[in-house]
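Data block below; observations after.
Structure, rendered in structure tokens:
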């Protein structure tokens, strides 16, 4: 970008790259280092010497606590996705067509769960659900996770819609399509990748959520993050590294997919606009 | 013009859900910091009588009779607990005083005058317990907020500091702000060069490098904290590596102290700094820098005078995001820190789950949220006033 000719400039550039390499290492190595640790045949948290073993993954699979926690997390995340995706998608579509002065206020309300300290959110849900008897059931967690996931769905879907050509909707309207038809036949297909990405974000928000779960989930509703939190706190073993590895792989795959979907959506919109104009 | 109404109809379901399940509960929770109805609900007549009393010295006998009557009645109904707990927050020993008095009254001891009660327990003959009850007569109180600021009302109704050994929250709040500020600073120092490098590279090179920032961003904070907890153990990989290269002779303590908290929190929050700054830097036109160079500015001068000022809104946004997220962190300090590294979130959790003093949990939450809202507001104004 900036032409660098002088010797000091080149030196500065080299120093910058070296510094950034260290920061990248700091960002990524701790995550990658967990993988070999989880393959350790012994009970120590060191890099394995002489042979790898899936022993700690077997420990996880054979432990009713871990499998139960996984089942709980999965169910709660699916329910959260089912609530947050339609609500968030509708709102994002509404927002992208809103020209009202109320819009900034509505955006601020929707982003409230993002800026509120998570511990305050957890206490608020605890106070809300404890008198209602919802603290030990899954319902409370699903509601809480939906509220936390909604802003992400709105942001992702809204971003995927903001690049949309408004002429497409005007064209549909001029051809006599009522708003609902415009929504279903024109908007929805174009926004589908963005909506899918939003759904993935909602799922992962719930699946990874720790603090609220620690406050309001009872022993029967132990989620994977709770199980992991207690594991780290009480007895740290290569089983924790194995669980961390599984979660890293899962979130990388899912959110990587969401990112690809998002980009695909971008390409779809920009790609589809040109031939339409030509035709 | 048919598009005027339906955007609102589409947003409405989400807004209703969010207001009912998030905004209202948070408001209700925070309002508990000033609402104090434990005594009023269990002892309605005593609460009314306490409010009517001028609060000077010992109360009239009529008030004593009402309190004695309702103490016995609520003891029999099983609801004395709430009053006993509430008074005990303010004055340790109130709980046992109430229960012992209720037992004696149930056994037939008279309770018609202050003197009668003082014969059951001499503490009824002193102003302190009566003053504590008057402070708890509801419906509003400043007790919890004062307590969260290490202050209390004395028997004469003046605001005084609590005894030194009870004054803990000032230190914890200070520590919370300090840890968050240090983490925001570390993220700025580590993140700025990375965002700059990413923004200055062509997309072909920048995109793969961006994945190195997104990978930790995608992995949950808990998982990354767990990874650090595994790596930083005394006999863990990092200590092993440091010994192998000869930097240290014996394992050093890297976890369950402040260092562990700083390392893990910086790692967790760094992507939140890099990503917004990166998008700000991507939007800066390179032409201004070229113009500066062509006018003879050295790269350093051009950077300082032209590029840096344009990135400041991004730096402010990233630093504020990191700082505000850090303020409310619970999981990472709980797992990486020792007892002296716990942030205000740990106190809030304690009052919510263990001591069940919800007024205290709400007051601490309110004191955490208030500066945060101010910061966000200041951040907005700052971002707006910095020339873009």
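Protein chains in written order, with the working numbering: chain B, 1 to 279; chain V, 280 to 667. C-beta atoms are modelled at their ideal positions from N, C-alpha and C, and glycine is treated no differently.
Practice task
Determine the burial state of residue 656 (chain V): buried for a count of at least 16 other Cβ atoms within 10 Å of its Cβ, exposed for fewer.
Solution key: Counted from its first residue, the second chain places residue 656 (chain V) at position 377. By the beta-carbon neighbour count (other beta carbons within 10 angstroms, threshold 16), residue 656 (chain V) is exposed.
Practice task
Leaving out five residues on either side along the sequence, give the residues of the same chain with a beta carbon under 7 Å from the beta carbon of residue 606 (chain V).
Solution key: Residue mapping note: residue 606 (chain V) aligns to position 327 of the second chain, counting from 1. Correct list, in chain order: 455, 459, 647, 651.
Problem - Start and end residues, alpha helix (DSSP H) containing residue 439 (chain V) - result: Taking the first residue of the second chain as position 1, residue 439 (chain V) is located at position 160. Not the alpha helix (DSSP H): residue 439 (chain V) falls in the beta strand (DSSP E), residues 438-440.
Exercise for the section: Would you mind sorting residue 7 (chain B) into buried or exposed? The rule is 16 or more other CB atoms within 10 Å of its CB. Expected result: The residue you call residue 7 (chain B) lines up with position 7 of the first chain. Result: exposed.
Exercise for the section: Using alpha carbons as the reference points, say which of B:244, B:264, B:257 lies closest to residue 36 (chain B). Expected result: As a first step, residue 36 (chain B) is located in the first chain; it is residue number 36 there, counting from the start. Minimum Cα distance to residue 36 (chain B) is reached at B:244.
Practice task
Identify the contact partners of residue 233 (chain B) in chain V, using a Cβ-Cβ distance below 8 Å as the criterion.
Solution key: Numbered from 1 along the first chain, position 233 holds the residue referred to as residue 233 (chain B). Per Cβ cutoff of 8 Å: 613, 614.
Problem - Residue closest to residue 158 (chain B), alpha-carbon to alpha-carbon, out of B:187, B:133, B:174 - result: One-based indexing of the first chain puts residue 158 (chain B) at position 158. The candidate whose alpha carbon is nearest that of residue 158 (chain B) is B:187.
Handout entry: Burial state of residue 468 (chain V), where buried means 16 or more other Cβ atoms lie within 10 Å
Key = Along the second chain, read from residue 1 onward, the residue named residue 468 (chain V) stands at position 189. Counting Cβ neighbours within 10 Å, residue 468 (chain V) comes out exposed, since fewer than 16 surround it.
Exercise for the section: Verify whether the separation of the beta carbon atoms of residue 274 (chain V) and residue 615 (chain V) is less than 8 Å. Expected result: Only positions 280 to 667 of chain V appear in this structure, which leaves residue 274 (chain V) out of reach.
Exercise for the section: Determine contact between the segment 96-115 of chain B and the segment 124-133 of chain B, defined as no fewer than three beta-carbon pairs at a distance below 8 Å. Expected result: no
Exercise for the section: Report the option in B:23, B:94, B:76, B:253 whose CA atom is closest to the CA atom of residue 137 (chain B). Expected result: The count along the first chain starts at 1 and reaches residue 137 (chain B) at position 137. Per the Cα distances, B:76.
Problem - Proximity to residue 532 (chain V) [Cα-Cα], best of V:428, V:474, V:396, V:513 - result: Looking up residue 532 (chain V) in the second chain gives position 253. Selected option, being the one with the closest Cα: V:513.
Problem - is_contact[residue 603 (chain V), chain B] using C-beta, thresh 8 Å - result: Here residue 603 (chain V) corresponds to residue number 324 of the second chain, with the count starting at 1. It does; some Cβ of chain B falls within 8 Å.
Practice task
Specify the secondary structure class of residue 524 (chain V) as computed by DSSP and reduced to three states.
Solution key: Along the second chain, read from residue 1 onward, the residue named residue 524 (chain V) stands at position 245. The answer is coil: DSSP assigns residue 524 (chain V) none of H, G, I, E or B.
Exercise for the section: Measure from the C-beta of residue 88 (chain B) to each C-beta in chain V and report whether the shortest distance is under 8 Å. Expected result: Walking along the first chain from the start, residue 88 (chain B) turns up at place 88. Yes - at least one Cβ of chain V is within 8 Å of the one on residue 88 (chain B).
Exercise for the section: Report yes if the CB atom of residue 150 (chain B) is closer than 8 Å to the CB atom of residue 84 (chain B), and no otherwise. Expected result: For the purposes of this step, residue 150 (chain B) is taken as the residue at position 150 of the first chain. For the purposes of this step, residue 84 (chain B) is taken as the residue at position 84 of the first chain. Yes, the pair counts as a contact, with Cβ atoms nearer than the cut-off.
Practice task
Figure out for me which residue from V:576, V:367, V:497, V:620 has the closest Cα to the Cα of residue 547 (chain V).
Solution key: Counted from its first residue, the second chain places residue 547 (chain V) at position 268. Cα-wise, what sits closest to residue 547 (chain V) is V:497.
Problem - Sufficient close CB pairs (3 or more, under 8 Å) joining the segment 98-109 of chain B to the segment 250-260 of chain B - result: no
Handout entry: Cutoff 8 Å: residue 413 (chain V) Cβ touching any chain B Cβ
Key = Numbered from its first residue, the second chain carries residue 413 (chain V) at position 134. Cβ-Cβ to chain B under 8 Å: no for residue 413 (chain V).
Handout entry: residue 19 (chain B) versus residue 560 (chain V): straight-line alpha-carbon distance, rounded
Key = The residue given as residue 19 (chain B) occupies position 19 in the first chain. The residue given as residue 560 (chain V) occupies position 281 in the second chain. One C-alpha to the other measures close to 19 Å.
Handout entry: Host alpha helix (DSSP H) of residue 311 (chain V) (start-end)
Key = By one-based count along the second chain, residue 311 (chain V) stands at place 32. Here residue 311 (chain V) belongs to no alpha helix (DSSP H), and DSSP marks it neither H nor E.
Exercise for the section: Could you have a look at residue 480 (chain V) and say whether DSSP puts it in helix, strand or coil? Expected result: Translated into positions along the second chain, residue 480 (chain V) becomes position 201. Coil at residue 480 (chain V), not helix or strand.
Exercise for the section: Could you tell me if residue 29 (chain B) is buried or exposed, where buried requires 16 or more neighbouring beta carbons within 10 angstroms of its beta carbon? Expected result: To locate residue 29 (chain B), count along the first chain from 1; it is residue 29. Result: exposed.
Practice task
Report yes or no: is there a C-beta of chain V within less than 8 Å of the C-beta of residue 206 (chain B)?
Solution key: Here residue 206 (chain B) is taken as the residue at index 206 of the first chain, counted from 1. For residue 206 (chain B), the answer is no, since every Cβ of chain V falls outside 8 Å of its Cβ.
Problem - Residue-level contact to chain V via CB, residue 44 (chain B), 8 Å cutoff - result: The sequence position of residue 44 (chain B) within the first chain is 44, counting from 1. Output row for residue 44 (chain B): interface = yes.
Handout entry: Other residues of its chain near residue 351 (chain V): CB distance less than 7 Å, five sequence neighbours each side excluded
Key = Counting from 1 along the second chain, the entry for residue 351 (chain V) is found at position 72. The answer, listed in chain order, is 381, 384, 385.
Problem - the segment 284-291 of chain V / the segment 208-224 of chain B touching (three or more Cβ pairs under 8 Å) - result: The segment 284-291 of chain V is not in contact with the segment 208-224 of chain B.
Practice task
Quick one: grab the DSSP three-state call for residue 430 (chain V).
Solution key: Against the second chain, residue 430 (chain V) aligns to sequence position 151. Reduced to three states, the DSSP call for residue 430 (chain V) is strand.
Practice task
Determine, using beta carbons only, whether residue 512 (chain V) comes closer than 8 Å to chain B.
Solution key: Here the question's residue 512 (chain V) lines up with position 233 in the second chain. Yes, residue 512 (chain V) lies at the interface with chain B (some Cβ there is under 8 Å from its Cβ).
Problem - For residue 231 (chain B), the nearest candidate out of V:310, V:511, V:502 (CA to CA) - result: Along the first chain, read from residue 1 onward, the residue named residue 231 (chain B) stands at position 231. The shortest C-alpha separation from residue 231 (chain B) is found at V:502.
Handout entry: Residue(s) in a DSSP beta bridge with residue 419 (chain V)
Key = Within the second chain, residue 419 (chain V) is the residue found at index 140, counting from 1. Beta-bridge pairing links residue 419 (chain V) to V:314.
Handout entry: Start and end residues, alpha helix (DSSP H) containing residue 324 (chain V)
Key = Taking the first residue of the second chain as position 1, residue 324 (chain V) is located at position 45. Start and end: 323-331.
Exercise for the section: Spell out whether any CB of chain V is found under 8 Å from the CB atom of residue 115 (chain B). Expected result: Taking the first residue of the first chain as position 1, residue 115 (chain B) is located at position 115. Yes, its Cβ sits closer than 8 Å to a Cβ of chain V.
Practice task
Enumerate in chain order the residues of its own chain whose CB-to-CB distance from residue 135 (chain B) is below 7 Å, with the five nearest sequence positions on each side excluded.
Solution key: Locating residue 135 (chain B) in the first chain gives position 135, counting from the first residue. Correct list, in chain order: 126, 129, 216, 218.
Problem - alpha helix (DSSP H) segment containing residue 365 (chain V), residue limits - result: Here residue 365 (chain V) is taken as the residue at index 86 of the second chain, counted from 1. It spans 359-369 - the alpha helix (DSSP H) in which residue 365 (chain V) sits, taken as one unbroken run.
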